[in-house]
Amino acid sequence: MVSADQEGCVVVLTTMPDEVSAGDFAQRLVEQRVIACANVVPRITSVYRWDGRVKRDQEALVIMKTTRARVPVLKDAMDDLHPYEVPEMMVLPDSGAHRAYLGWVAEEVAG
10 MVSADQEGCV VVLTTMPDEV SAGDFAQRLV EQRVIACANV VPRITSVYRW
60 DGRVKRDQEA LVIMKTTRAR VPVLKDAMDD LHPYEVPEMM VLPDSGAHRA
110 YLGWVAEEVA G
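With the first letter of the sequence shown counted as 1, position 94 gets the number 103 in the working numbering; the numbers rise by one all the way through.
Listed below in structure tokens is the structure:
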């Protein structure tokens, strides 16, 4: 098994236009072993400024788990697969997750 200490795990957040596109996106990344897993949270409200106007849209939140080593691959996948011109990609470091879970994440993306 790959050591979680060797890899270092992260949580990556993004938003998608809807639950279906979010689920398809997450499934493709899991199939390609870019991420170990994802949670899709439907019907969130996002408020942001775009083209000089404040907007409010319904979106789906995707919470992804992977290793630090796979983040560059995930960035490339976001560029290729994400429908937004400027996709959200927030990478949050692990700060004390369950050791067995971290090991599982590392193993899943190691292929």
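We treat Cβ as the ideally placed atom computed from N, Cα and C, and that holds for glycine.
With a threshold of 7 Å on Cβ separation, who are the neighbours of residue i within its own chain once the five nearest residues in sequence on each side are excluded?
i    : result
P102 : V19
V100 : V19, V21, V80
Taking 7 Å as the line, does the beta carbon of residue i fall inside it for any heavy atom of the ligand FAD?
i   : result
L90 : Absence of the ligand FAD from the depicted structure is noted, as is the absence of any ligand whatsoever, leaving it without description.
Assuming residue i contacts residue j (C-beta within less than 8 Å), just tell me the rounded distance between them.
i   : j   : result
I72 : L22 : 6 Å
T75 : V50 : Wrong, their Cβ atoms sit about 18 Å apart, outside the cutoff.
Between residue i and residue j, is the Cβ-Cβ spacing less than 8 Å?
i   : j    : result
G17 : R58  : no
A45 : V118 : yes
E28 : A69  : yes
R42 : G120 : yes
Kindly indicate which three-state DSSP category residue i falls into: helix, strand or coil?
i   : result
Q67 : strand
V82 : helix
In chain order, what residues of the same chain lie with their CB nearer than 8 Å to the CB of residue i, ignoring the 5 residues before and after it?
i   : result
R65 : T54, S55, V56
L83 : V21, L38, V43, I44, M73, T75, M98
Based on DSSP bridge pairs, tell me the residues matched to residue i.
i    : result
R58  : V63
V114 : According to DSSP, V114 bridges with nothing at all.
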